[in-house]
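Each residue of the sequence shown is one higher than the one before, starting from 1 at the first, in full-length UniProt numbering.
Ideal Cβ placement from N, Cα and C applies to all residues, glycine included.
Comments concern the structure below.
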Amino acid sequence: MERLGQTRKRNAHTSCYGVTKPNRRGSTTEAVQILKEKFKNKKEIRKEEIELKKKEQENKAAQHQMLKDLQRQNQQQYQDVLRIMAEQQQRQEQQPQNFHMLFLATATATE
1 MERLGQTRKR NAHTSCYGVT KPNRRGSTTE AVQILKEKFK NKKEIRKEEI
51 ELKKKEQENK AAQHQMLKDL QRQNQQQYQD VLRIMAEQQQ RQEQQPQNFH
101 MLFLATATAT E
C-alpha cells in the first residue's frame, strides 16, 4: 500500500501543479503569543469601556447639578414674584387710605 507522501510525490511528477506542503502546526510559542495579543486587545477594550462609563457618569452628574441649579433658580424667581405681588397688594391697600387722607387734608384746607 502506498503512503500519502509517496502519493503526493507521484502525483507531483505526473501533474504540473507541484507538491503541496503539508500544513505546519504552530509552535507553542506562537500560540502563547496569540493568546497574549488576544488578552492585550481585551484589556484595551475593557479599559476603553471603563473610560466611557466614567465619562458617562460625569456627564450624568453634571446634568444632575445643572437641573438642581435650574430648580433653585426657578424657586428663587417664584419667591421673588410672590414678594413683588405682596408688595403690590400692600401698596394697593394703602393707596385708598392715602387718597382718603389727601382728600381730607385738601377738604380741611379749603374750608
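Straight-line measurement puts the Cα of ALA62 at about 20 Å from the Cα of GLN75. Per DSSP, reduced to three states, the secondary structure at ARG3 is coil, with no helix or strand assignment.
CA-to-CA, the gap between ARG46 and GLU58 works out to about 18 Å.
Between the alpha carbons of LEU70 and GLN95 lies a gap of roughly 37 Å. A direct Cα-Cα distance of roughly 10 Å separates VAL32 from PHE39.
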